[in-house]
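Read the structure below first, then the notes.
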Amino acid sequence: MDGGLHYGLTVANAVDLRVPAAEAYGARELRNAGLAVLARQVLGEDVVKPRSVTMSKWDSNIFTLIRCSMLALMLLFLFEIGRSLNAAGS
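Count the sequence shown with the UniProt record's numbering and you get residues 1 to 90, in order.
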């Protein structure tokens, strides 16, 4: 996403949430799921992204307010999915 530059950030214990979700729900197809499908399955929530955001240039170095807001929302969904799966023992 950042062209190989990670802005000095390090992530410990990164997890591909699709794997524990697939195991927790016995649904192998979740291994290929996107955020919207995972959020629906695990949290019962719909992720709605405006088409203008979905189709924007995500590799651009310019972040608009709406793109930053969507990134924050996506990260919140990912956090909640991980927390829910962890609480379920996955």
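We put the CB at the ideal spot given by N, CA and C, even for glycine. Treat the numbers as computed from the prediction; the structure is a model and nothing was measured.
Check your understanding: How would you label residue 1, buried or exposed, when you count the other beta carbons within 10 angstroms and need 16 or more for buried?
Key -> Confidence at residue 1 is low in this model, with a pLDDT of 46, below 50, so its placement is unreliable and the value that follows should be read with caution. Residue 1 should be labelled exposed.
Review point. Quick one: what's got a C-beta closer than 6 angstroms to residue 86's C-beta in the same chain, skipping five residues either side?
Key: none
Check your understanding: Hey, which unbroken runs of the alpha helix (DSSP H) at 4 residues or more fall wholly within the stretch 42-87?
Key -> 51-54, 65-87
Review point. For residue 76, which residues from the same chain have a beta carbon less than 6 angstroms from its beta carbon, with the 5 sequence-adjacent residues on both sides left out?
Key: none
Practice item. Closer than 7 angstroms by C-beta to residue 17: which residues in its own chain qualify, once you throw out the five before and the five after it? Chain order, please. Key: 38, 78, 81, 82, 85
Practice item. Classify residue 92 as buried or exposed, calling it buried when 16 or more other Cβ atoms lie within 10 Å of its own Cβ. Key: An answer regarding residue 92 cannot be provided, because it is not within the stretch 1 to 90 covered by the chain.
Point to revise | Check whether residue 70 and residue 53 have beta carbons under 8 angstroms apart | key: yes
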